[in-house]
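Everything on this sheet refers to the single structure shown next.
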Amino acid sequence: MSDRLYRDVAQHQNWRDALLAAIADYEKWLKENGEAAPRLADLARTIRDDRLVLAFLAEFSRGKTELINALFFGDLNQRLLPSEAGRTTMCPTEIFYDADAAAYLRLLPIETRGRDDSIDSLKREPQLWVECKLDLDSIKSVERTLRSLTERKTVSAETARALGLLDSDSTGDSADIPMWRHALVNYPHPLLQNGLVVLDTPGLNALGAEPELTLSMIPNAHAVLFVLGTDTGVTHSDLEVWRRVVQGNDTRRIAVLNKIDLLWDELKSADSIEQTISRQLEQTAALLGIPRGDVFAVSAQKALLAQVRDDATLYQKSGIEKLERFLANEIIPARRQILFDSASREICAMLRVSRESVKAGIAANREESGELAGLSGKNRGIVTALLNKLEADRANHLQTVETFKSTRQVVMKQGNALLASLEAEHLNELIEKNRALMEASWTTTGITRAMAALFDNFSKQLDKILNYAQQIGGLIEAIYARFQDRYGFARLAPPALNLEKYRYAMRELERKAEAFTRDPLNVVIEKRFLIRKFYHGLVHQARAIYAQAHAECAIWQKRVLQPIFAQLKEHERVLGRRVANVAAIRDNLDTLDARIRLLEQQHSALSEKNRTLERIAPAFEQPERVTAE
4 MSDRLYRDVA
14 QHQNWRDALL
24 AAIADYEKWL
34 KENGEAAPRL
44 ADLARTIRDD
54 RLVLAFLAEF
64 SRGKTELINA
74 LFFGDLNQRL
84 LPSEAGRTTM
94 CPTEIFYDAD
104 AAAYLRLLPI
114 ETRGRDDSID
124 SLKREPQLWV
134 ECKLDLDSIK
144 SVERTLRSLT
154 ERKTVSAETA
164 RALGLLDSDS
174 TGDSADIPMW
184 RHALVNYPHP
194 LLQNGLVVLD
204 TPGLNALGAE
214 PELTLSMIPN
224 AHAVLFVLGT
234 DTGVTHSDLE
244 VWRRVVQGND
254 TRRIAVLNKI
264 DLLWDELKSA
274 DSIEQTISRQ
284 LEQTAALLGI
294 PRGDVFAVSA
304 QKALLAQVRD
314 DATLYQKSGI
324 EKLERFLANE
334 IIPARRQILF
344 DSASREICAM
354 LRVSRESVKA
364 GIAANREESG
374 ELAGLSGKNR
384 GIVTALLNKL
394 EADRANHLQT
404 VETFKSTRQV
414 VMKQGNALLA
424 SLEAEHLNEL
434 IEKNRALMEA
444 SWTTTGITRA
454 MAALFDNFSK
464 QLDKILNYAQ
474 QIGGLIEAIY
484 ARFQDRYGFA
494 RLAPPALNLE
504 KYRYAMRELE
514 RKAEAFTRDP
524 LNVVIEKRFL
534 IRKFYHGLVH
544 QARAIYAQAH
554 AECAIWQKRV
564 LQPIFAQLKE
574 HERVLGRRVA
584 NVAAIRDNLD
594 TLDARIRLLE
604 QQHSALSEKN
614 RTLERIAPAF
624 EQPERVTAE
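For the sequence shown, the positions run 4 to 632 when this note's numbering is used.
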């Protein structure tokens, strides 16, 4: 682990901590001013639990696990993850830090493939996992424990077939299969403690066996590092994995040509070797269809050795510094921007309402102070006339409140209809009906046709929902305009409901479903495994899209009229205070000076509230981008 990479991950953590502190300050401000802020707690939890996921993907014997050791665990002065020659990691392995548990290795037995459960759901059943505690006082002990990731066993061909792990061209009575289906490693490493998650994946065969890996885990990673061998270049199987698993995803794609030390030749000049490496980088970028700047040449083994020996020259020669710089300058800031955008959009909207409310209070205070100052030396009759005017204003305000209540009922009714259309029950009915069609089908063609039809229905249903949401959005804009024009409210933009990202996500998922039905590897999969692969991978993601859209609509429904309500509430508070002040003055003209002094104190308090918001607001401005040198 280089100081550069550690500094940037730590900087990301510091920025996140500062953002959380600002949210806590704002939450405190709201509570002190009698406002509830449950949504802020949700946003803070999302930010606190955020993880930066890097997925490492390669065919066997490309040095993928060695690259992970060199990038993140070189400071341990030995290999942490097993990376001997030949096959190493035999099951998908998630490496992370969980502060709520002691360091562990959890292994999911391969036999769980016989169950119709996803890995995600099995994570909630700890009794199914084999847990090994990690002895942090001995790195060698940890390394020995982690060798379990390489374990394999021989089973009968019938057992392998039942688990969906028998090669189609296998003719023997037995088969060699992984011992474990999935692994979780909780390890207190500084980078992991700062929110990094490493996903180490096995080779092509396991990629085909676990649908969640190819259809969910890898696409949802923030970056995929695809490791190739300098000695082999981009092979046919490499290209097959790239096209099937990586190419069509929106995640950042990085190619790493490993083992460049094989090109180091003392009979060749450094320039000649560099030209050879440069040509390979150009060819790799062209074959994979990615920018040349996203392809790196490294020697993971030499990078790890350099860290063990504290050899700066060898470390620089290994090429890994360029990859570290790329991760520090591109991947981590990109994740920071996404995290910032998701939080700041909501919080900035809430801050605008709070600031407008305080400004309205200051303006009302100023107006009231002027009114009371104008009463100095006046008789009781003039004071009574002002009181009557204020009482009439309050009566008009109460009518406005009643109008708002009626309007809110209309919005709630339409919002509830929108939420109902996104409820899981409606989706489940469609899914179960489709699954029955698949299971009743006798041919792969019939199954894939049903798969395509399901996603076509998903997309059409979501289109209808989004069109309805746009109609509701038009109604909300009209409501805001009416309250602003008729009642003189401050001009505020209503909280936006933009569900287009879900339409885009569903279209992308529909495209993946189409590719899934055309994938020749799926043709030879036993029917029950094909259907399970489809549901655990693609349908699971469709459910997630609907659930996320439902959650966003529910939040929006609660917030959409909040700016108007806040203005009504503030106006009601100010009117009540003004009526009370003028009534007290009418009853005793001698209290006028005391009332004016009280307003001055209230003005100072309002100004301090405004200054507090101004101190909080910059935390929700664009995060600073720092470039690693």
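From the three backbone atoms N, C-alpha and C, an ideal C-beta is built for every residue, glycine too.
Task: Residues that R255 bridges to, as DSSP identifies them - done: For the purposes of this step, residue 255 is taken as the residue at position 252 of the sequence shown. Beta-bridge pairing by DSSP links R255 to A226.
TODO: Buried or exposed for Q304, please, with buried defined as at least 16 other CB atoms from any protein chain shown within 10 angstroms of its CB.
DONE: As a position in the sequence shown, residue 304 is number 301, starting the count at 1. By the 10 Å Cβ count, Q304 comes out buried.
Open item on the list: For E371, count the other beta carbons within 10 Å of its own beta carbon; 16 or more makes it buried, fewer makes it exposed. Which is it?
Closed with: By one-based count along the sequence shown, residue 371 stands at place 368. By the neighbour-count rule (16 or more Cβ atoms within 10 Å), E371 is buried.
Open item on the list: Could you tell me which whole alpha helix (DSSP H) segments of length 4 or greater appear in the region 484-552?
Closed with: Runs found: 503-521, 523-526, 530-537.
Open item on the list: Does the structure place the region 62-80 close enough to the region 186-204 that three or more beta carbon pairs sit under 8 Å?
Closed with: A contact exists between the region 186-204 and the region 62-80.
Open item on the list: Using beta carbons (cut-off 8 Å, strictly below), is A337 in contact with chain C?
Closed with: The question asks about chain C, but that chain is absent: this structure has only one protein chain.
TODO: Tell me the start and end of each unbroken alpha helix (DSSP H) in the region 48-79 that is at least 4 residues and wholly inside, in chain order.
DONE: Scanning the region 48-79 from its first residue to its last, the whole alpha helix (DSSP H) runs of 4-plus residues come out as 67-75.
Task: Simplified DSSP state of P85, which is helix, strand or coil - done: Within the sequence shown, residue 85 is the residue found at index 82, counting from 1. Looking at P85 - three-state DSSP - the assignment turns out to be coil, as it is neither helix nor strand.
- [ ] Would you kindly work out how many angstroms separate the C-alpha atoms of A455 and V542, rounded to a whole number?
- [x] What you label residue 455 is simply residue 452 of the sequence shown in a count that begins at 1. What you label residue 542 is simply residue 539 of the sequence shown in a count that begins at 1. Rounded to whole angstroms, A455 to V542 spans 11 Å at the Cα level.
Task: Proximity to T446 [Cα-Cα], best of A427, L533, T238, A516 - done: Taking the sequence shown and counting its residues from 1, the one referred to as residue 446 is at position 443. Nearest to T446 by alpha-carbon distance, out of A427, L533, T238, A516, is L533.
Open item on the list: What does the Cβ neighbour count give for T233, buried or exposed, with the cut at 16 atoms within 10 Å?
Closed with: Counted from its first residue, the sequence shown places residue 233 at position 230. With 16 or more other Cβ atoms within 10 Å, it is buried.
Task: Residue of L326, A160, D120 minimising C-alpha distance to R184 - done: Stepping through the sequence shown from its first residue, residue 184 is reached at position 181. Of the listed residues, the one whose Cα sits closest to R184 is D120.
- [ ] Pull up the distance between the alpha-carbon of K271 and that of G322, whole angstroms please.
- [x] Locating residue 271 in the sequence shown gives position 268, counting from the first residue. Locating residue 322 in the sequence shown gives position 319, counting from the first residue. K271 and G322 have their C-alpha atoms roughly 18 Å apart.
TODO: Keeping to the same chain, check which residues put their C-beta closer than 7 Å to that of Q412; ignore five residues upstream and five downstream.
DONE: Walking along the sequence shown from the start, residue 412 turns up at place 409. Sequence-distant partners of Q412 (beyond 5 residues in either direction) whose C-beta falls short of 7 Å from its own C-beta are missing from its chain.
Task: One or two residues paired with V200 in a DSSP bridge - done: Looking up residue 200 in the sequence shown gives position 197. Note: V200 sits in a beta bridge opposite V56.
Open item on the list: Pairs of beta-carbons, one from the region 157-172 and one from the region 129-145, closer than 8 Å: are there three or more?
Closed with: The region 157-172 makes no contact with the region 129-145: fewer than 3 CB pairs, one atom from each, lie closer than 8 Å.
TODO: Measure from the alpha carbon of Q544 to the alpha carbon of each residue in Y505, I567, P523, then state which is nearest.
DONE: Indexing the sequence shown from 1 puts residue 544 at position 541. Ranking the options by Cα distance to Q544, first place goes to Y505.
- [ ] Please determine if the region 338-350 and the region 596-608 are in contact, where contact requires at least 3 C-beta pairs separated by less than 8 Å.
- [x] Touching, no.
Task: Integer-rounded CB distance, given that N261 should sit under 8 Å from V230 - done: For the purposes of this step, residue 230 is taken as the residue at position 227 of the sequence shown. For the purposes of this step, residue 261 is taken as the residue at position 258 of the sequence shown. Contact flag correct, Cβ pair sits at about 5 Å.
Task: beta strand (DSSP E) runs contained entirely in the region 107-154, provided each spans 3 or more residues - done: Correct list: 107-112, 133-136.
Open item on the list: For L578 and N431, what's the separation of their Cα atoms in angstroms?
Closed with: Counting from 1 along the sequence shown, the entry for residue 578 is found at position 575. Counting from 1 along the sequence shown, the entry for residue 431 is found at position 428. In this structure, the CA atom of L578 is about 52 Å from the CA atom of N431.
Open item on the list: Measuring CB atoms only, is the region 454-472 touching the region 509-517, in the sense that at least three cross pairs come out at less than 8 Å?
Closed with: Short answer: they touch.
Task: Whole-angstrom distance between E428 and F461, CA atom to CA atom - done: As a first step, residue 461 is located in the sequence shown; it is residue number 458 there, counting from the start. As a first step, residue 428 is located in the sequence shown; it is residue number 425 there, counting from the start. In this model, F461 and E428 are separated by some 14 Å (Cα to Cα).
TODO: Report yes if the CB atom of L609 is closer than 8 Å to the CB atom of V361, and no otherwise.
DONE: If you number the sequence shown from 1, residue 609 lands on position 606. If you number the sequence shown from 1, residue 361 lands on position 358. In this structure, V361 lies closer than 8 Å to L609 by Cβ.
Task: Nearest-angstrom Cα separation, counted from K536 out to A552 - done: Within the sequence shown, numbered from 1, the residue matching residue 552 stands at position 549. Within the sequence shown, numbered from 1, the residue matching residue 536 stands at position 533. Going from the Cα of A552 to the Cα of K536 covers about 24 Å.
Task: Under 8 Å between C-beta atoms of R438 and Y538 - done: Indexing the sequence shown from 1 puts residue 438 at position 435. Indexing the sequence shown from 1 puts residue 538 at position 535. It is a contact, given that the beta carbons lie within the stated cut-off.
Open item on the list: If you follow the beta strand (DSSP E) that V188 is in, where does it begin and where does it stop?
Closed with: Start at 1 with the first residue of the sequence shown, and residue 188 comes out as number 185. 183-189 is the extent of the beta strand (DSSP E) around V188.
TODO: Look at the alpha carbon of L266 and the alpha carbon of P191, and state the distance between them as a whole number of angstroms.
DONE: Start at 1 with the first residue of the sequence shown, and residue 266 comes out as number 263. Start at 1 with the first residue of the sequence shown, and residue 191 comes out as number 188. Between L266 and P191, the alpha-carbon positions lie close to 36 Å from each other.
Task: CB-CB length for L390 against R562, believed under 8 Å - done: To locate residue 390, count along the sequence shown from 1; it is residue 387. To locate residue 562, count along the sequence shown from 1; it is residue 559. Rounded to whole angstroms, the Cβ separation of L390 and R562 is 37 Å, and the two are not in contact under 8 Å.
Task: Every unbroken beta strand (DSSP E) within the region 238-308, with a cutoff of 3 residues, ordered by chain - done: Runs found: 255-261, 298-300.
TODO: Would you decide whether Q130 is buried or exposed? Buried here means 16 or more other CB atoms lie within 10 Å of its CB.
DONE: Taking the sequence shown and counting its residues from 1, one reaches residue 130 at position 127. Burial call: exposed.
Open item on the list: Tell me the rounded alpha-carbon separation between L70 and A496.
Closed with: Walking along the sequence shown from the start, residue 70 turns up at place 67. Walking along the sequence shown from the start, residue 496 turns up at place 493. For L70 and A496, the distance between alpha carbons rounds to 50 Å.
- [ ] Keeping to the same chain, check which residues put their C-beta closer than 7 Å to that of A620; ignore five residues upstream and five downstream.
- [x] One-based indexing of the sequence shown puts residue 620 at position 617. Result list for A620: L354, in chain order.
Task: K31, buried or exposed, once every other Cβ within 10 Å from all chains shown has been counted against 16 - done: On the sequence shown, position 28 is the one that residue 31 refers to. With fewer than 16 other Cβ atoms within 10 Å, it is exposed.
Task: The beta strand (DSSP E) enclosing I334, as first and last residue numbers - done: Along the sequence shown, read from residue 1 onward, the residue named residue 334 stands at position 331. Bounds of any beta strand (DSSP E) do not take in I334, whose DSSP letter is neither H nor E.
Open item on the list: Once DSSP output is grouped into helix, strand and coil, what is the label at T96?
Closed with: Walking along the sequence shown from the start, residue 96 turns up at place 93. Judged by DSSP in its simplified three-state form, T96 adopts strand.
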